[in-house]
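Data first, discussion second: the structure below is written as structure tokens.
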Amino acid sequence: YRTMQGFGVHTFRFVNAAGESSFVKFHWNPFAGTHSLVWDEAVKISGADSDFHRRDLWEAIEAGAYPEWELGVQIFTEKQAEGFTFDVLDATKIVPEELVPVTPIGRMVLNRNPDNFFAETEQVAFCTAHVVPGVDFSNDPLLAGRIHSYVDTQISRLGGANFHEIPINAPIAQVHNNQRDGMHRQALNRGRVSYEPNSLGGGCPFQAGAAGFVSFPEPMEPEAHKVRGKPERFADHYTQATLFYNSQTKVEQTHIINAFKFELSRVQTPAIRERMISGLMNVDAEMAKAVADGLGMRTMPEPMPKVLKKNVKPEVATSPALSLFARPGDGGIRARRVAILVADGVEGRGLKALAERLTAAGAVPRFVGPQLGAVRTTGGDTIEVDIPVSAAPSVLFDAVVLPDGDDGVGRLAADGRAQEFLKDQYRHCKPILALGAASKLLAKVGIPQKLPSGQPDPGLVLAQSKESESAADAFMKALAQHRHFDRETDPPII
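This is the structure:
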């Protein structure tokens, strides 16, 4: 969650003090950068810790590594919108940042965890109908439906029309309106009446006037007709899908292809698989061919007939901002979880110093051993194991450190759980630091010291224990890059 973007898929309006309207789209961008999991990793996490994402967010906040997001807006006029090749009122369409840049206007910091998870999280009621003066609705048809349906949902979900008075949903600024009574009412309104005009309440309550919310008086075109239907450009289902695919890096395109292969391989009806491939032909022919090859299809179907017959030439062919790699973040390693594998006979002094450096940089190192308790190092000291390897699969960590020490490395090499841990770390493209004798452990597991291309692997740091200072610098640099996808091959070599 800490590295997810947030998008308002709907187009709203900003209305200034002069009553002038502009369209607006809202964006949340994480300061930590945009990063994600790979599919195999996500599947294994679901079994290892179903609360993984929530726990990660909670622990980061508890550690003081507060997640932050920048709030940005895309603001454009109705005249600009009319000139776009897509319809901004179609919730499935984006406005490329090359056409309308995102302007930062604020930030959000999560600096406290809930005191009561049910009261403060489970009872949250998001509602598109709740806007403030200066923000108004557009004619987005899906938004129009949600303005009603979200209110209706919260009424049934939270027990009545006063769901907005539950403390977590209540506005900080006091709100005055004519609403009274109902189930679970919290406000204590004084006075004999709730209407206006009146003589019993001295004229109160009364309308706020210009300071209150006023809907934008949208002008209507002469000879316009109100119909039940959608504009023609809503039928353009493929232009922006092609834009999105072409804007991805080769790594991301491969992940998209593999996702289609997996999902469609579960479809038992060949005709449905063929129909999906025919739709993908309208997005990108090479992608469709790669997916079809993965499904064992010997012939390619014809492209699916398009609803919108005329060809649409988009304003931009690619939009780099659509790639996760476009936002690497602040380059830090705050809240990154690092496993340090230990066993009896490892070299301990360098490991403890490394753990201190990682902690000082904001990372979360954990000593992972064969069982809870202490392991004895070559110098006679002990290291307390934070979590046993049986309860700490690789997918719960962002990187791994392998210790020096022949005896300790030998014990780790004999442990199939440790071997599987390393295989997953490599397979999921995570950084690995191997000190001294640990290179033997890599060899036993079958982890190559170079990339499939023959180039050095920047995510694999090999060093002697006496070089631990410089090795730590290289390792933290690799950790800040999140993943090293140049390792990926199809099929995986490990």
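The numbering of the sequence shown is our numbering, which starts it at 27 and goes up by one.
Quick reminder that beta carbons are idealized off the backbone N, C-alpha and C, glycines included.
Contact belief for residue i with residue j at Cβ below 8 angstroms, rounded distance in angstroms
i	j	result
A297	M307	16 angstroms between Cβ atoms; not a contact.
E373	G431	4 angstroms
G320	K276	Rounded, the Cβ-Cβ distance is 17 angstroms, inconsistent with contact.
G132	L97	4 angstroms
D116	R299	About 28 angstroms separates the two Cβ atoms, so there is no contact after all.
V364	A387	That belief does not hold up - the Cβ atoms of V364 and A387 are roughly 10 angstroms apart, past 8 angstroms.
E341	T129	Going by Cβ atoms, the distance from E341 to T129 rounds to 19 angstroms, so no, they are not a contact pair.
M323	S304	Contact doesn't hold; Cβ gap of about 11 angstroms is too wide.
P414	P396	7 angstroms
W95	M134	5 angstroms
I283	A318	The Cβ separation is near 10 angstroms, so there is no contact.
S505	R360	This sequence places Leu at residue 505; Ser is not what is there. About 11 angstroms; that fails the 8 angstroms criterion.
G160	V41	6 angstroms
G376	L461	7 angstroms
V421	L448	Not confirmed; about 13 angstroms, so no contact.
A107	V114	5 angstroms
Beta-ladder partner(s) of residue i, from DSSP
i	result
I101	V50
E328	Paired residue(s): none; E328 is not in a bridge.
I366	F393 and V427
K476	P482
P460	Note that residue 460 corresponds to Ala in the displayed sequence, not to Pro. Beta-bridge pairing links A460 to L428 and L488.
D188	In the sequence as displayed, the identity of residue 188 is Asn instead of Asp. According to DSSP, N188 bridges with nothing at all.
G208	Paired residue(s): none; G208 is not in a bridge.
N55	E96
G32	W54
F288	Per DSSP, none; premise fails for F288.
V41	S47
Residue i classed as buried or exposed, judged by whether at least 16 other C-beta atoms fall within 10 angstroms
i	result
E67	buried
V293	exposed
D356	exposed
H174	exposed
L214	exposed
D77	exposed
T385	exposed
G238	exposed
A43	exposed
I366	buried
R254	exposed
M246	exposed
L468	buried
E514	buried
S479	exposed
V69	exposed
L226	exposed
P212	It is Gln, not Pro, that sits at residue 212 in the sequence shown. Looking at its Cβ environment, which holds fewer than 16 other Cβ atoms inside 10 Å, Q212 is exposed.
K119	buried
T403	buried
H210	exposed
M302	buried
N188	buried
E496	Looking at the sequence shown, residue 496 is not Glu but Ser. By the neighbour-count rule (16 or more Cβ atoms within 10 Å), S496 is not buried but exposed.
V394	buried
G109	exposed
G186	exposed
F232	exposed
S72	exposed
V126	buried
P122	buried
L398	exposed
A285	exposed
S182	exposed
V240	exposed
Q266	buried
Y264	buried
R28	buried
H202	exposed
C-beta neighbour in chain D for residue i, strict 9 angstroms
i	result
A352	The structure shown contains no chain D; it holds only a single protein chain.
Quick one: complete alpha helix (DSSP H) runs, 4+ long, within the stretch 392-456?
432-439 and 442-453
Can you confirm whether the stretch 322-339 touches the stretch 31-40 when touching is taken to mean that 3 or more C-beta pairs between the two stretches lie within less than 8 angstroms?
no
Per the contact definition of three or more C-beta pairs closer than 8 angstroms, is the stretch 451-465 in contact with the stretch 487-494?
yes
Unbroken beta strand (DSSP E) runs of length 3 or more, entirely within the stretch 101-165: which are they?
129-135 and 161-163
Taking contact to mean 3 or more Cβ pairs, one atom from each stretch, closer than 8 angstroms, check whether the stretch 435-454 and the stretch 37-57 are in contact.
no
Report yes or no: do the stretch 165-174 and the stretch 128-145 share at least 3 C-beta pairs separated by less than 8 angstroms?
no
Contact between the stretch 405-419 and the stretch 340-347 (3+ Cβ pairs under 8 angstroms):
no
Suppose only complete runs of 3+ residues qualify. What are the beta strand (DSSP E) ranges in the stretch 233-306, listed by chain order?
none
Stretch-stretch touch, CB-based, cutoff 8 angstroms, three pairs: the stretch 149-156 with the stretch 180-195:
yes
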